[in-house]
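*Asks:* A single structure is presented below for examination.
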């Protein structure tokens, strides 16, 4: 088993795949900003270069003792070029109103190592001014050098030409930097968010933190569709429920279990959607099934079948010993639904009563399978009162809905009462991650099922067709 703090390379790939839209957005933003600044905001700067050659009078011979001094001579010429006097004389030649201090900030004197050449450059937002400045500076440099070093020689080698392309902004470079910054920020932010997100997100998380078998993995629906296994029979969601049905029935038959309790840590995990769809999927195999809404505090089963939560329901059967045939609703030939009814009694006491236990036993004789949709475990103890040894339990966990702590707590609460945990159903899995589980999400077929003949999604059965009534 993987340790809780172990994160494999595939985990990072899944994180990136699920957050690819966020990553791309963050990458595009600094890249776009860098592009806009480079093309429309930052004004281009041009640089013109002139070169001069310096040395000693050719009539003089350079002795061995003067070789080392020659390097110092080049440095001397360079410093002359950087002097304020040279800058002032250059400005006079330009006949411009530029200030000496600003002029000196834009000039550059660079000796080329190993040669007698000095490169004089000047920067300006105007390419013509850049060329004029470099040439004026080189001329002022020669004049001042001859005054200070009459034995030396300084001549213009190349005059500065008007530059065609700016040296800044470097558009391609800036955009590349923007892209790299965006990439680093996006990956860092996504990984940080994922690190701070303490919810169960994947099958690996289930194994890492809960170490319970997986019964099913259900993808997230683009839009909420009640009883999707009937309305969209060829969708990947339906295929996932069919796969879950196979695993579930196999496990229940091996354990001799006929009643299944569907619960969840919290209210947003989608347990009722799982209950209704798995019940419908089992009914498709020809097995008789009863789906009971045991969430007396906030019943939802009736909404999934577009039926009303009548005044009579589970509460009336348990407390008033009403007949199941009088109250349950026939969804199909083998599929009945029992709504919660109007709860005017303490839910925990009702669900834990002996009458409730007897009712479930009687329903196991009447139906092949009984499914109980129960309240969230963390919030209420109602579900725990039903989880006996003869009732199988599946824990529905919504991907990125339930925290790791609540999932662990839910597992421990079930273990404390010796509940038979069949496994975990990971619900609302991101469709991009779901592809990796063997279903082609993009082969989606929205063909409606021919079985949809009424609002509930199935043809209602005449209650007279039911087997002999059982009094509770």
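Residue numbers (full-length UniProt numbering): 1 to 472. Ideal Cβ placement from N, Cα and C applies to all residues, glycine included.
1) What residues in its chain sit with their C-beta under 7 Å from that of residue 474, if we drop five residues either side in the sequence?
2) What residue range is occupied by the uninterrupted alpha helix (DSSP H) comprising residue 228?
3) Please list the terminal residues of the continuous beta strand (DSSP E) segment that includes residue 216.
4) Along the chain, where does the beta strand (DSSP E) that runs through residue 236 open and close?
5) Taking C-alpha atoms, which residue in 13, 391, 113 and 213 lies nearest to residue 369?
6) Buried or exposed: which applies to residue 334, given that a residue is buried once 16 or more other Cβ atoms fall within 10 Å of its Cβ?
7) Would you mind sorting residue 172 into buried or exposed? The rule is 16 or more other CB atoms within 10 Å of its CB.
8) List the DSSP bridge partners of residue 313.
9) Would you kindly report the start and end of the unbroken alpha helix (DSSP H) that includes residue 164?
10) Helix or strand or just coil, what does DSSP make of residue 474?
11) I want to know whether the region 180 to 194 touches the region 17 to 33 - three or more CB-CB distances under 8 Å.
12) How is the beta strand (DSSP E) around residue 89 delimited, first residue to last?
13) Short of 7 Å in beta carbon distance, which residues of its chain neighbour residue 50, apart from the five on each side in sequence? Order them along the chain.
14) I'd like to know if the region 140 to 149 and the region 75 to 89 are in contact, where contact means that at least 3 CB-CB pairs between them fall below 8 Å.
15) Please classify residue 367: does DSSP put it in a helix, a strand, or coil?
16) Residue range of the beta strand (DSSP E) that residue 295 falls in?
17) Hey, how far is the Cα of residue 402 from the Cα of residue 288?
18) Just curious, the alpha helix (DSSP H) that residue 407 is in, first and last residue?
19) Quick one: any contact between the region 375 to 393 and the region 404 to 414, if contact means 3 or more CB pairs under 8 Å?
20) How should residue 151 be labelled, buried or exposed, when 16 other C-beta atoms within 10 angstroms of its C-beta is the threshold for buried?
21) Mapping the DSSP letters down to three states, classify residue 266 as helix, strand or coil.
22) For the beta strand (DSSP E) containing residue 111, name the first residue and the last one.
23) Decide yes or no for the touch test of the region 383 to 390 against the region 346 to 358: beta carbon pairs closer than 8 Å, at least 3 of them.
24) Roughly how many angstroms separate the alpha carbons of residue 227 and residue 36, rounded to a whole number?
25) Per DSSP, what kind of secondary structure is residue 330 in: helix, strand or coil?
26) By the 10 Å Cβ neighbour count, where 16 or more other Cβ atoms means buried, how is residue 18 classified, buried or exposed?
27) Measure the CB-CB distance between residue 296 and residue 279 and report whether it falls below 7 Å.
28) Between residue 399 and residue 426, is the Cβ-Cβ spacing less than 7 Å?
29) Taking the beta strand (DSSP E) that residue 47 falls in, what are its first and last residues?
30) With residue 533 and residue 302 assumed to form a contact (beta carbons below 8 Å), what rounded beta-carbon distance in angstroms separates them?
31) Would you mind giving the Cβ-Cβ distance between residue 424 and residue 210, rounded to the nearest angstrom? I have them listed as a contact below 8 Å.
32) In the DSSP assignment, the beta strand (DSSP E) including residue 173 goes from what residue to what residue?
33) Could you please give me the residues that DSSP links to residue 391 through a beta bridge?
34) Give the secondary structure of residue 358 by DSSP, where H, G and I count as helix, E and B as strand, and everything else as coil.
35) Compare the C-beta of residue 228 against all C-beta atoms of chain B and say whether one is closer than 7 Å.
36) How about the region 100 to 115 and the region 84 to 91: do they share at least three Cβ pairs that are nearer than 8 Å?
*Replies:* Considering the structure as presented:
1) The shown model of the chain, from 1 to 472, leaves out residue 474, and the question about it has no answer.
2) 228 to 231
3) 214 to 219
4) Looking at the DSSP string, residue 236 is not in any beta strand (DSSP E); the run it does join, the alpha helix (DSSP H), is 236 to 255.
5) 391
6) buried
7) exposed
8) BP columns for residue 313 are empty, so no partner.
9) Taken as a continuous stretch (DSSP letters only), residue 164 belongs to no alpha helix (DSSP H), as it is neither H nor E.
10) Since the displayed the chain opens at 1 and closes at 472, residue 474 lies outside it and no answer follows.
11) yes
12) Run containing residue 89: none in the beta strand (DSSP E); it sits in the alpha helix (DSSP H), 84 to 94.
13) 120, 134, 135, 138, 156, 158, 159 and 160
14) yes
15) coil
16) Taken as a continuous stretch (DSSP letters only), residue 295 belongs to no beta strand (DSSP E), as it is neither H nor E.
17) 32 Å
18) 404 to 416
19) yes
20) exposed
21) coil
22) 107 to 111
23) yes
24) 50 Å
25) strand
26) buried
27) no
28) yes
29) 46 to 56
30) It is not possible to answer for residue 533, since the shown part of the chain is limited to 1 through 472.
31) 7 Å
32) No beta strand (DSSP E) contains residue 173, which is instead part of the alpha helix (DSSP H) from 171 to 196.
33) 259
34) helix
35) This model lacks chain B altogether, as it is built from one protein chain only.
36) yes
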